[in-house]
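Chemist:
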Amino acid sequence: MTPLDLTTRRADTDAPLITPLVERWSPRAYDPAAELSDDDVRTLLEAARWAPSANNLQPWRFIVARRGTEAFTTVHDALLGFNQAWADSAAALIVNIAEVADESGAPRPWAKYDLGQAVAHLTVQAQHDDLHTHQMGGFDGARLAEAFGLREGLEIVSITAVGKVGDADALPEPLREREVAPRRRKPLDELVISAA
Ligand SMILES: Cc1cc2nc3c(=O)[nH]c(=O)nc-3n(C[C@H](O)[C@H](O)[C@H](O)COP(=O)(O)O)c2cc1C
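In full-length UniProt numbering, the protein residues as written are 1 to 196.
Next comes the structure, spelled out in structure tokens:
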């Protein structure tokens, strides 16, 4: 295995940031031998649990599927082809679910916002713990919801691959090329509409 020089993946920031934010990125090459312990998983979920949410409703739910389990196969099978091509080496696939309506059908308008924030916490904690994450929107949500018997009001929003970074050379082209491509962001002045 040829490990990627992770310094090339660091964000080229215009202001100083805490290390996990500088180093977080979304690899597609994962070490197919790496596993997550129960403690690893608990820590990731705990980071999500302590995210803020509207009215403290905590409308996030997760399905954790570690590689080698039936649940992992179910989640992997529901990924779209361009994600299936690399995500099989991740140590776990975590299905991120928003409670967009409670059991009585009352809407939770901030649920997806809150879920996104919880997942962001998880990714930063993962990076701090020397794990990497890669979120995905490319999957068949209806198929997954049926496979896991999710009730109405629970919406699968994304899936996060978690694992130890692996060998970029093991990826098929053009994924290998994307793995080492420069990381880019819009300039800050394009994002800020007004700052007084
Ligand atoms: C909601 C969401 C959906 C995404 N969907 C996919 C996906 O289906 N497949 C994929 O390879 N990457 C996906 N990504 C990863 C983004 O492409 C990636 O975060 C972005 O290019 C920035 O790269 P970085 O995370 O390395 O900074 C997704 C990210 C998010 C937050």
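The beta-carbon is built from N, C-alpha and C at its ideal position, and this holds for glycine as well.
Determine the direct distance from the alpha carbon of Asp38 to that of Leu44, and round the result to whole angstroms.
Modeler: The residue you call residue 44 lines up with position 44 of the sequence shown. The residue you call residue 38 lines up with position 38 of the sequence shown. So the alpha carbons of these two residues sit roughly 10 Å apart.
Chemist: Give the DSSP-derived three-state secondary structure of Pro20 in the structure shown.
Modeler: Position 20 of the sequence shown, counted from the first residue, corresponds to residue 20. Helix, per DSSP.
Chemist: Leaving out the 5 sequence neighbours to the left and right, which residues in its chain are closer than 8 Å to Val124 when beta-carbon positions are compared?
Modeler: Translated into the one-based positions of the sequence shown, residue 124 becomes position 124. Within the same chain, Val124 has close Cβ partners Pro20, Leu21, Arg24, Ala47.
Chemist: What did DSSP end up calling Trp110 once you bin it into helix, strand or coil?
Modeler: By 1-based counting over the sequence shown, the position of residue 110 is 110. If DSSP states are grouped into helix, strand and coil, Trp110 belongs with coil.
Chemist: For the beta strand (DSSP E) containing Ile55, name the first residue and the last one.
Modeler: Position 55 of the sequence shown, counted from the first residue, corresponds to residue 55. Reading off the sequence, residue 55 comes out as Asn, not Ile. Run containing Asn55: none; DSSP gives neither H nor E here.
Chemist: Please confirm if the segment 110-119 is in contact with the segment 70-79, defined as three or more CB-CB distances below 8 Å between the two stretches.
Modeler: Contact between the segment 110-119 and the segment 70-79 is absent, because fewer than three Cβ pairs lie under 8 Å.
Chemist: Applying the 10 Å Cβ sphere with the 16-neighbour rule, what's the burial state of Asn56?
Modeler: Mapped onto the sequence shown, residue 56 falls at position 56. With fewer than 16 Cβ atoms within 10 Å of its Cβ, Asn56 is classed as exposed.
Chemist: Report buried or exposed for Arg66, applying the criterion of at least 16 other Cβ atoms within 10 angstroms of its Cβ.
Modeler: Working through the sequence shown from its first residue, we reach residue 66 at position 66. Arg66 comes out buried.
Chemist: For Glu70 and Val64, I'd like the C-alpha separation in whole angstroms.
Modeler: What you label residue 70 is simply residue 70 of the sequence shown in a count that begins at 1. What you label residue 64 is simply residue 64 of the sequence shown in a count that begins at 1. Cα-Cα distance, rounded: 11 Å.
Chemist: Could you spell out the range, first to last residue, of the beta strand (DSSP E) harbouring Leu154?
Modeler: Residue 154 sits at position 154 when you count from the first residue of the sequence shown. That run of the beta strand (DSSP E) goes 154-163.
Chemist: Report the three-state DSSP secondary structure of Arg66 (helix, strand or coil).
Modeler: What you label residue 66 is simply residue 66 of the sequence shown in a count that begins at 1. Arg66: strand per DSSP, three-state reduction.
Chemist: Would you say Phe62 faces chain C, with C-beta separation under 8 Å as the test?
Modeler: The chain labelled as chain C is not found in the depicted structure, where only one protein chain is given.
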